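Chemist: Just passing along the structure, written as C-alpha cells.
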Amino acid sequence: MSGLSRRVGTDGRFWGRVARDVGATAAATAAGAGAGWAVWNFLNDQAATARTVIPHRTDNAPDGDGVYHPDGRVTRYTRDTPTDLFLTVFGDSTAAGLGVETADETPGVQVARRVAAETGKTVRYANKAIVGATSKGLAAQIDAMFIARERPDVAIILIGANDVTSRNGIRASARRLGDAVRLLIGGGAKVVVGTCPDFGVITAIPQPLRTVLRQWGLRLAAAQRSAVRAAGGHPVPLADLMAKEFRAQHDFMLSPDQYHPSAAGYALAADILLPPVLDAIGEWGSAPLPEPPEESPAVEETRVATGLRRLLKQV
2 MSGLSRRVGT DGRFWGRVAR DVGATAAATA AGAGAGWAVW NFLNDQAATA RTVIPHRTDN
62 APDGDGVYHP DGRVTRYTRD TPTDLFLTVF GDSTAAGLGV ETADETPGVQ VARRVAAETG
122 KTVRYANKAI VGATSKGLAA QIDAMFIARE RPDVAIILIG ANDVTSRNGI RASARRLGDA
182 VRLLIGGGAK VVVGTCPDFG VITAIPQPLR TVLRQWGLRL AAAQRSAVRA AGGHPVPLAD
242 LMAKEFRAQH DFMLSPDQYH PSAAGYALAA DILLPPVLDA IGEWGSAPLP EPPEESPAVE
302 ETRVATGLRR LLKQV
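Sequence positions in the sequence shown follow the numbering used here and run 2 to 316.
Right under this line is the structure:
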C-alpha cells in the first residue's frame with residue numbers, strides 16, 4: 002500500500018484530514034436527506050480510531066539499487082558497469098517497498114532478480130519512488146532521472162493510494178499518471194503500471210471509512226487503467242489480482258504496521274508484475290498474458306457502508 006502510515010508519523014492530523022475530506026463529499030451528497038453532519042461525524046470517529054491502530058512510521062524502505070546478475074550476485078553500479086537492461090521503479094511507498102526489513106524483500110528488487118534469472122540478462126535496478134508520493138509527484142521523479150541523463154529500458158509505476166487519502170481528483174490523478182507514462186515512453190522506456198490497490202483489505206481502517214476509501218480507490222484504478230492504455234503503457238489491476246489473497250491471509254500478507262505489504266505481499270505483487278515486464282522487453286514468449294478478473298470481489302460491508310457506497314456513485 003502507499004505511504005499512508007509514514008504520513009501519519011509526520012502529521013498527527015493526517016487521519017483527521019482524511020475524514021474531513023472523505024466525509025465532506027459524503028456529507029454533501031447526503032445533505033438533502035438531512036444526514037450530512039451525521040455522516041461526517043461518524044467518518045471522523047472512524048479516522049480517529051484508525052489513527053490509534055496504525056503505527057506511526059518514520060523510516061524509509063531498504064535501498065536495493067544495484068546490478069543484478071543471472072547467477073544471483075548483486076554488485077554496485079558505476080557508469081563503467083556493463084549491463085543489459087535498466088529497470089526503474091517510480092511511485093509511492095508501495096513502490097519503494099516500505100514495510101519490509103531487507104532490500105531483497107522489496108517488490109522492485111524481487112522483479113529485478115526474477116528478470117535477470119528468467120532472461121539471463123544483467124539488470125541494473127534503481128528505485129526512484131518516494132514515500133508519501135501522489136500522482137502529483139511522478140513528473141518530478143522522472144524529471145530528476147532525466148536530468149541525471151539516465152534513460153530506463155523498462156519502468157514500473159505503483160501509485161494511487163495516496164491520491165485517494167489526499168482526495169485528489171480521480172480524473173486529474175489519472176491524467177497525471179498518463180502524462181508520466183508518456184514522458185517515460187518518450188524517453189525510450191517500456192512502462193508497466195500497477196493501479197491503485199484495494200483499501201478493502203486494510204482491516205485496521207474501520208468500517209464504513211474503509212468502504213468509502215475502497216470505492217474511491219476502485220474508481221481511481223479504473224480511470225488509471227484507461228489513462229495508462231491511452232498513453233501506451235501496460236496497466237496491471239493490483240486490486241483485482243491481490244485482494245483475494247490478502248483477505249485470505251491477512252496477517253501473512255501485511256507487514257506489522259497492518260497497512261503496507263509484508264515480504265509475502267510484495268512477492269505476490271512481483272509475481273503479478275513479472276509477466277507484463279517480461280512481455281514489455283520481448284522475453285515473455287508466445288503464450289498469452291494472464292487475464293485479470295474484471296472487478297475486485299466485494300469485501301465485508303455493513304449496512305451503513307453499503308449506503309455510503311451508493312452515495313459515492315452519485316458524486
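Every residue gets a Cβ at the ideal spot worked out from N, C-alpha and C, and that includes glycine. Since this is a predicted model, take the numbers as computed values, not measurements.
Name the DSSP bridge partner or partners of F200?
Modeler: Partner(s): none; F200 has no beta bridge.
Chemist: Start and end of the beta strand (DSSP E) containing L88?
Modeler: Here the beta strand (DSSP E) through L88 covers L86 to G92.
Chemist: Straight-line CA distance for G35 to P291?
Modeler: Unreliable placement is indicated for G35, whose pLDDT of 49 sits below 50; no coordinate value is reported for it.
Chemist: For P198 versus A140, is the C-beta spacing smaller than 8 Å?
Modeler: It is not a contact, given that the beta carbons lie outside the stated cut-off.
Chemist: Is the beta carbon of G266 within less than 7 Å of some heavy atom of the ligand NAD?
Modeler: Although the ligand NAD was asked about, the structure shown includes no ligands whatsoever.
Chemist: In angstroms, rounded to a whole number, what distance separates the CA positions of W217 and R80?
Modeler: Each residue's Cα considered, the two are about 43 Å apart.
Chemist: In this structure, what does DSSP give as the bridge partners for N163?
Modeler: In DSSP, N163 forms no bridge with anything.
Chemist: For Y69, which beta-bridge partners are listed by DSSP?
Modeler: Beta-bridge pairing links Y69 to V75 and V124.
Chemist: Please state whether DSSP places L242 in a helix, a strand or coil.
Modeler: Helix.
Chemist: Skipping 5 residues on each side, what residues in its chain have a beta carbon closer than 7 Å to that of A231?
Modeler: These residues qualify, in order along the chain: G179.
Chemist: Between which residues of its own chain and F87 is the CB-CB distance below 7 Å, once the five residues before and five after are set aside?
Modeler: Within the same chain, F87 has close Cβ partners R125, P153 and D154.
Chemist: Return the first residue and the last residue of the alpha helix (DSSP H) that V213 is part of.
Modeler: Residues L210 to A232.
Chemist: Keeping to the same chain, check which residues put their C-beta closer than 6 Å to that of A96; ignore five residues upstream and five downstream.
Modeler: Taken in chain order, the residues that qualify are V90, A130 and L159.
Chemist: Counting C-beta neighbours from all protein chains within 10 Å, is the total for I273 16 or more, i.e. buried, or is it exposed?
Modeler: When all chains shown are included, I273 counts as buried.
Chemist: Given a cut-off of 8 Å, decide if G161 and V192 are closer than it, judged by their beta-carbon atoms.
Modeler: No; because the gap between Cβ atoms is not below 8 Å, this pair is not in contact.
Chemist: Measuring straight from C-alpha to C-alpha, what distance separates G33 and Q259?
Modeler: In this prediction, G33 scores a pLDDT of 45, lower than 50, which makes its location untrustworthy; no coordinate-derived value is stated.
Chemist: Looking only at its own chain, which residues have a Cβ that is under 6 Å from the Cβ of V202, when we skip the five neighbours before and after it?
Modeler: Hits under 6 Å: A244, F247 and R248.
Chemist: Please say whether I157 and L221 have beta carbons closer to each other than 8 Å?
Modeler: Against a cut-off of 8 Å, the Cβ pair of I157 and L221 comes out as no contact.
Chemist: State the CB to CB distance for the pair H251 and T204, rounded to an integer number of angstroms; the pair is presumed to be in contact (CB under 8 Å).
Modeler: Yes, they are in contact, since the Cβ atoms of H251 and T204 sit about 7 Å apart, within 8 Å.
Chemist: Roughly how many angstroms lie between the CA atoms of G188 and I148, to the nearest whole one?
Modeler: Taking the straight line joining both Cα atoms gives about 12 Å.
Chemist: When we look at the beta-carbon of G266 and count the other beta-carbons within 10 Å, is it buried (16 or more) or exposed?
Modeler: G266 comes out buried.
Chemist: With C-beta atoms as the reference, is L99 less than 8 Å away from V68?
Modeler: Result no, Cβ atoms of L99 and V68 do not sit closer than 8 Å.
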